[in-house]
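Sequence lines, in order, name chains A and B.
Position 263 of the first sequence, counting from 1, maps to 263 under the working numbering, and the rest follow consecutively.
Position 303 of the second sequence, counting from 1, maps to 1303 under the working numbering, and the rest follow consecutively.
Cβ atoms here follow ideal geometry from the backbone N, Cα and C, with glycine treated the same way.
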Amino acid sequence: MSTVEETADSHDEHDDDHHDHGEFIAHHFDSAEQQFDSGKLGIWVFLVTEVLFFSGLFVAYVLYRYHHPEVFVDASQFLDKVLGGINTIVLLFSSLTMAWAVRAAQLGNNNFAGKLILITMICAAAFLGIKAVEYSHKWDLYILPVSYYNYMEGYHPEAESGGIAGTLHISKWLVTLSMLPLLCLTLFSAGAVAMAATGKRLMAQFMLGLAIMMSGYFVGAFAGQTYQNWHEANLEAEEHAGDHGHDGDHAGDSIATGPDSTSERPPQIGVFFSIYYCMTGLHAIHVIAGMAALSWLYFRCLKAHFRPDYFGPVDYVGLYWHLVDLIWIYLFPLLYLIN
Amino acid sequence: MSATPQAQKLFGHAEENNYLKCSSGIKSWLFTLDHKRIGVMYLIGVTFALFLAGVFALILRSELFTGDENFLSEAQYNQMFTLHGAIMVFAFIIPSIPAALGNFVLPMMLGAKDVAFPRLNLCSFYLWMFGTAFLLTAMLTNGLDTGWTFYTPYSITTTTAVIYATMGAFILGFSSIFTGLNFLVTVNTMRPKTMGWFKLPLFIWSLYATSIIQILATPVLGITLLLLIAERVMHIGIFDPAYGGDPVLFQHFFWFYSHPAVYIMILPAMGVISELISVYSHKKIFGYSFIAFSSVAIALLGFLVWGHHMFTSGQSQLVTLVFSAITFSVAIPSAVKVFNWLATLYKGSIKLVTPMCYALSFIFLFGIGGLTGLFLGTLSTDIHLHDTYFVVAHFHFVMVGGTLTALLGGLYHWWPKMFGRMYNDFLGRVGCFLVFVGFNLTFFPQFVMGSRGMPRRYARYDPEFEIFHQASTIGAFILGIGILLAFAVLVHAVFFGRKIGGNPFGAASLEWQSSSPPSFHNFDHKIHMNAPYDFSAMVYDEEMDTYIQRDFVTPETPEVPAPEPTKA
Ligand code: HEM
Ligand SMILES: [Cu+2]
């Protein structure tokens, strides 16, 4: 009787205490191999569900592009190929470091794996920073989902935004979007200091890692905004020089210019941006989930959990991360590179 | 003949270290990772959903007793049938057999200690709770009046709590995906090396096929509902025609999930029936591989027929034709199963105990439900029958007559395993009889009404339909009493039933090799591999009042012929 009770208890709590004795095989598996195979099959099946989850959006995309090809051609020119391209490179690079981290974990090199995972995390955050610049720029111009879409040719948001944001040439939306990362950065830094002060080295290191990850966001946002300002200035200069031929700025004169007199409906171009925001937004949520999973891996690397016969979690999260990357690889040409 | 001492220990009455007693306290249940306890919790949950939505059904039927307003306004009627449908579909019938019975039985049938991902399993249960809570929130706030199908554009414009309800369905969808993922991996990696694909019980095959559908179809529902929420919150113009969206696209997305979902409902039921028919005929299942492959065939073909719900929604003629043709082909694997069950019954030594009564009524009712599906899949007749009570009757024959009947049959079959007690078989059969009679009285008149043009989802009707509606209402109450009785008999058994040994019905699949109720780790001894339908390997031991394996009987006693059929 008592033995059964013991097994039951240890079963219920094995999440907490199995880390201690370095034995990571759950009780219901016969072998490490069986556990690894189960996890691997599980994650692959999960990725299938993820692909199908996105499939609805891809179908919507295909349908609307089929029915309104001209709208897609025009609208995609509002998307900045350079920022999108940089983001593609950032994610590709993060996939590389992720794959490398899997290898390092497989070799039992927790230290190196942890560093590679940290780089991956920074890339993820930087991606979001750049994305935030892109979003905020569009929101300034009222390039929004169809029901709010209200873009006007020649409208300059700077005229409106006062305060620090205005003087620094930063979109007020970017400031808003950056609040949460800023809060996280502060909390994690403070946490790191507090942990270090109380002598909890491991936690301090972990918090520091998280803070470094969050600063990745600001690196991305800063780089993105700098480019954006430079680009704007260039365009303005061109405009002043009387050169009206720039295709990026005057694309789709007829369709892109807000609700006009001929029809009551908002312009079809808004649907493109609905789809754009749904797809990239859902992708961004997956990036954030990935950051959470990567942080967990980072923590376990600090605890030196991984060994040649136990590195499943790194492998599984790695596969997930590659999928997130892969989806972006599809989104980028489909949305940005239509011309 | 006498059993070896070892067998006495293994198959005798349950010791007290079983999974129900091995730890106690509310926490030991709420945080359990044991698939058996999670299965029991799921069972309690889905039964709650069944009773709640069942009460709605009775209210609806009472309102329909006459054609004029009795006590529900039109608006209230709309809300009532929507909540009835949504709760029944998303919170009850989809999780019912897989998550409750399957969770309990599947790992044991594989001889495993648990499912592959116990924590995911618990997570799935809590998602079920959250999802159902959202549905109930919708009910308690603004209600919901879109029908369980959430068709746009009405679902975008109605003032009822569409967002809560779709969030609920979304979360329940993930609960279902996680169950499916878990089962699929468990079947692949957790069975013993010697257990090949064709040594799996057919219930496992059907759960496996179900898992495939859950994994492939449910994410599409997820994104659809998410887009619907986005559409309501900020009008993204994908489904909303006011902003250039396409409402028919919503129907395509919705049925791309929901047609496969009807197979999520029926496939596990078919698996249960395969077990019951074979065990209670005490005869090897006929056409094992045909039944097994027909499950997979149904799962795959089920993805190609969603358009038959949209014959009148303005699809092109060519598309309609193709969908109609494929719809017919889905009926083939279903029929293959029915033939095989009938062939199994033939010359079997049939025991008309409660589970078998349910199994037989399943075959009858599912037969009618499936055949009327063909009427609906035929283009010319569907134009007439679409959105009438004929459709209502069709899907209730397959969902209630099929899945609910199989769930009850399965519960009666595995109840002694789950709780170690025997129910009152006579009252069980009375319950089954009431369910059968009540069910037919409720839904058969609806076929007649439907074919005479009574539209579905109407709160009022013309006097010519009154007689059918009244029969239907009376039937519904009989059905309700029958279901109540069925559950009452089961609950009574848990507390007062006669204690029973490990294998009271002489079944050969592995779950019966545990004690009843099973111990925490399922099996106290090394599993004795035998073919799931080889009943000749089982002999009845009077002393222990249970079937045991022939190998456990001491050899010096002369063989006593077990109560098994004459081998034809
Ligand atoms: C034997 C194969 C089956 C065929 C050929 C078939 C065919 C059809 C067709 C053509 C319709 C559309 C009717 C209309 O709206 O005009 C339909 C509706 C429906 N069927 Fe089936 N069906 C079959 C089996 C099942 C099963 C096994 C289930 C569930 C367990 C099921 C559940 C439903 C439901 C829920 C609806 C109505 C959905 C709604 O509009 O609310 N069917 N069926
Ligand atoms: Cu269908």
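Residue range 1538-1541 is occupied by the beta strand (DSSP E) that includes B:M1538. In terms of Cβ geometry, B:P1118 and B:L1207 do not form a close pair [threshold 9 Å]. Spanning the alpha carbons of A:L92 and A:D325 requires a straight line of approximately 7 Å.
Nearest to B:L1184 by C-alpha distance, out of B:S1211, B:F1170, B:W1205, is B:S1211.
When CB distances to chain A are screened at a threshold of 9 Å, the residues of the stretch 1240-1272 of chain B falling below it are D1240, A1242, Y1243, G1244, G1245, D1246, L1249, H1252, F1253, F1256, in chain order.
Under DSSP, B:M1422 takes part in a beta bridge, and its partners are B:R1498. Taken atom to atom, the span from the alpha-carbon of B:T1194 to that of B:T1378 is near 46 Å. The beta carbon of B:A1531 sits closer than 8 Å to those of K1199, A1508, A1537, all from its chain and outside the five residues before and after it, given in chain order. DSSP, read as helix, strand or coil, puts A:R307 in strand. Taken atom to atom, the span from the alpha-carbon of B:M1129 to that of A:K138 is near 40 Å. Proximity to B:G1244 across A:A125, A:L144, A:H68 peaks at A:H68, based on C-alpha coordinates. Out of B:E1464, B:F1505, B:F1439, B:W1512, the CA that lies nearest to the CA of B:F1477 is found in B:F1439. Each residue's CA atom was taken as its position, placing B:D1425 and A:Q106 some 58 Å apart. B:I1156 sits away from A:S147, with the two beta carbons spaced by 9 Å or more.
B:Y1208: member of the alpha helix (DSSP H) spanning 1202-1234, first to last residue.
When the alpha-carbon of B:Q1446 is set against those of B:C1432, B:T1388, B:I1215, the nearest one is in B:T1388.
The shortest C-alpha to C-alpha distance from B:H1521 to any of B:M1108, B:G1039, B:Q1470 is the one to B:M1108. Taking 8 Å as the cut-off, the C-beta of B:A1459 does not count as close to any heavy atom of ligand 1. Shown here for B:E1275: same chain residues with a beta carbon closer than 6 Å to its own, the five before and five after excluded, namely F1203 in chain order. The alpha carbon of A:T97 has as its nearest neighbour, out of A:N109, A:K115, A:N111, A:Y227, the alpha carbon of A:K115.
Contact annotation: the stretch 1398-1418 of chain B touches the stretch 1090-1110 of chain B, with at least three C-beta pairs closer than 8 Å. The count of Cβ pairs closer than 8 Å, one atom from the stretch 1447-1467 of chain B and one from the stretch 1383-1397 of chain B, reaches three, so the stretches are in contact. Inter-residue distance for A:A221 and B:I1229 is about 30 Å (C-alpha atoms, whole angstroms). Contact between B:F1397 and B:T1372 is confirmed by a C-beta separation of about 7 Å, below the 8 Å threshold. DSSP places B:I1326 outside any beta strand (DSSP E); the residue lies instead in the alpha helix (DSSP H), whose first and last residues are 1317-1345. With respect to chain B, the C-beta atom of A:F299 has no partner C-beta closer than 9 Å. With respect to the C-alpha of B:G1054, the residue from B:T1473, B:F1552, B:L1510 having the closest C-alpha is B:T1473. Note that the C-beta distance between A:A113 and A:A125 is not below 9 Å. Going by C-alpha positions, A:P145 is about 7 Å away from A:Y277. For B:L1181, the nearest CB of chain A lies under 9 Å from its own CB, placing it at the interface with that chain. If you look at B:I1266, you'll find it isn't in any beta strand (DSSP E); it sits in the alpha helix (DSSP H) that goes 1247-1281. Excluding residues up to 5 positions away in sequence, Y1412, D1425, G1428, R1429, C1432 lie with their Cβ nearer than 7 Å to the Cβ of B:T1354 in the same chain.
Straight across, the Cα-Cα distance linking B:F1395 with B:G1369 is about 7 Å. At a cut-off of 9 Å between beta carbons, A:D309 makes no contact with chain B.
For B:T1179, the enclosing alpha helix (DSSP H) stretches over residues 1162-1189.
Across the stretch 1102-1136 of chain B, CB contacts with chain A closer than 9 Å involve P1107, A1112, K1113, D1114, V1115, A1116, F1117, P1118, R1119, L1120, in sequence order along the chain.
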